[in-house]
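The block underneath contains the structure these notes are about, expressed in structure tokens.
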Amino acid sequence: KAGVTQTPRYLIKTRGQQVTLSCSPISGHRSVSWYQQTPGQGLQFLFEYFSETQRNKGNFPGRFSGRQFSNSRSEMNVSTLELGDSALYLCASSWVGGSNEQFFGPGTRLTVL
Amino acid sequence: QKEVEQDPGPLSVPEGAIVSLNCTYSNSAFQYFMWYRQYSRKGPELLMYTYSSGNKEDGRFTAQVDKSSKYISLFIRDSQPSDSATYLCAMNQGQGAQKLVFGQGTRLTINP
Numbered sequence: 538k539a540g541v542t543q544t545p546r547y548l549i550k551t552r553g554q555q556v557t558l559s560c561s562p563i564s565g566h567r568s569v570s571w572y573q574q575t576p577g578q579g580l581q582f583l584f585e586y587f588s589e590t591q592r593n594k595g596n597f598p599g600r601f602s603g604r605q606f607s608n609s610r611s612e613m614n615v616s617t618l619e620l621g622d623s624a625l626y627l628c629a630s631s632w633v634g635g636s637n638e639q640f641f642g643p644g645t646r647l648t649v650l
Numbered sequence: 057q058k059e060v061e062q063d064p065g066p067l068s069v070p071e072g073a074i075v076s077l078n079c080t081y082s083n084s085a086f087q088y089f090m091w092y093r094q095y096s097r098k099g100p101e102l103l104m105y106t107y108s109s110g111n112k113e114d115g116r117f118t119a120q121v122d123k124s125s126k127y128i129s130l131f132i133r134d135s136q137p138s139d140s141a142t143y144l145c146a147m148n149q150g151q152g153a154q155k156l157v158f159g160q161g162t163r164l165t166i167n168p
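The listed protein sequences derive, respectively, from chains A and B. Start counting the first sequence at 538; every next residue gets the next number (my numbering). Start counting the second sequence at 57; every next residue gets the next number (my numbering).
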């Protein structure tokens, strides 16, 4: 069974630009969550999508947004990039309805210059 | 105060040693507890997943949950150099609340 895939793996952007990251969950998983990982703050929850609806949201500004498609694939967007947005962005998928286990992808490493 | 506290280490032990990693938490609503292993420049890999208080064993790994003390542990027996990684505890409330709250992670090195 294929794992969670994320594209692109690496991105370099400049301040003020916007970026879109993509995540394909494990087949059959309908929940997709996004996390930001930085050395200072660790892993922090951004938001979760289930059935194309945002179900949970973390404490991040509105510049961070996402969406989910009918095939459960998800994208997250960051607008007006700031230096502090440099981080590893991780996507996790889970099968909702029983086990709560979340499986992570390899992440997208974003560098903002 | 953070909801989940984890000693960031670093922790360095000789090969074959028993390793103990721990987390404490403050939110009594947490019901599901996980341990992830993360190698450098990789995504976290789910190692152990527990719901109730008590022990759960999987090969060389044992996860322990004490809800009354709000304390969870991961034990690694017969540690190997390939176990060198950052170990993250994580937990959530379940019931549709998918948000995982993570500890800071403990960097572990197993010396041959």
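Glycine is no exception: its CB is placed at the ideal position from the N, C-alpha and C atoms.
Problem set entry | Segment limits, beta strand (DSSP E) that includes residue 601 (chain A) | Residue mapping note: residue 601 (chain A) aligns to position 64 of the first sequence, counting from 1. Segment 601-605, the beta strand (DSSP E) holding residue 601 (chain A).
Problem set entry | Contact under 9 Å by Cβ, residue 602 (chain A) with residue 614 (chain A) | Here residue 602 (chain A) corresponds to residue number 65 of the first sequence, with the count starting at 1. Here residue 614 (chain A) corresponds to residue number 77 of the first sequence, with the count starting at 1. In this structure, residue 614 (chain A) lies closer than 9 Å to residue 602 (chain A) by Cβ.
For this session: Closer than 9 Å, Cβ to Cβ, to anything on chain B: give me those residues from the segment 604-636 of chain A, in chain order.
Result: 625, 627, 628, 629, 631, 633 and 636
Exercise. If the cut is a Cβ gap below 9 Å, which residues of chain B does residue 601 (chain A) touch?
Worked result: Taking the first sequence and counting its residues from 1, the one referred to as residue 601 (chain A) is at position 64. Near residue 601 (chain A) there are no residues of chain B at all, since even the closest Cβ is about 15 Å away, more than 9 Å.
Exercise. Can you name, in chain order, every residue of its own chain whose Cβ lies under 7 Å from the Cβ of residue 68 (chain B), other than the five neighbours on each side?
Worked result: Sequence index remark: in the second sequence, residue 68 (chain B) carries index 12 (1-based). Once the five neighbours on either side are set aside, the close Cβ partners of residue 68 (chain B) are 165 and 167.
Problem set entry | Rounded C-alpha distance that separates residue 95 (chain B) from residue 103 (chain B) | Counting from 1 along the second sequence, the entry for residue 95 (chain B) is found at position 39. Counting from 1 along the second sequence, the entry for residue 103 (chain B) is found at position 47. Spanning the two alpha carbons is a distance of roughly 13 Å.
Exercise. Within 9 Å (strictly less), CB to CB, does residue 86 (chain B) reach chain A?
Worked result: As a position in the second sequence, residue 86 (chain B) is number 30, starting the count at 1. No, no contact with chain A.
For this session: State the Cα-Cα distance for the pair residue 143 (chain B) and residue 595 (chain A), rounded to the nearest angstrom.
Result: In the second sequence, residue 143 (chain B) corresponds to position 87, counting from 1. In the first sequence, residue 595 (chain A) corresponds to position 58, counting from 1. Taking the straight line joining both Cα atoms gives about 23 Å.
Problem set entry | residue 133 (chain B) versus residue 637 (chain A): straight-line alpha-carbon distance, rounded | Counted from its first residue, the second sequence places residue 133 (chain B) at position 77. Counted from its first residue, the first sequence places residue 637 (chain A) at position 100. The alpha-carbon atoms of residue 133 (chain B) and residue 637 (chain A) are separated by roughly 26 Å.
For this session: Mark residue 119 (chain B) as exposed unless 16 or more other C-beta atoms lie within 10 angstroms of its C-beta, in which case mark it buried.
Result: For the purposes of this step, residue 119 (chain B) is taken as residue 63 along the second sequence, with counting starting at 1. By the 10 Å Cβ count, residue 119 (chain B) comes out buried.
Exercise. Run through DSSP, which three-state label would residue 647 (chain A) get?
Worked result: Here residue 647 (chain A) refers to the residue found at position 110 of the first sequence. In the structure shown, residue 647 (chain A) sits in a strand (DSSP, three-state: E or B).
Exercise. Alpha carbon to alpha carbon, what distance is there between residue 593 (chain A) and residue 155 (chain B)?
Worked result: Mapped onto the second sequence, residue 155 (chain B) falls at position 99. Mapped onto the first sequence, residue 593 (chain A) falls at position 56. Between residue 155 (chain B) and residue 593 (chain A), the C-alpha separation is close to 7 Å.
For this session: Using a Cβ-Cβ cut-off of 9 Å, state whether residue 598 (chain A) counts as contacting chain B.
Result: As a working mapping, residue 598 (chain A) is identified with position 61 in the first sequence. Residue 598 (chain A) does not count as touching chain B.
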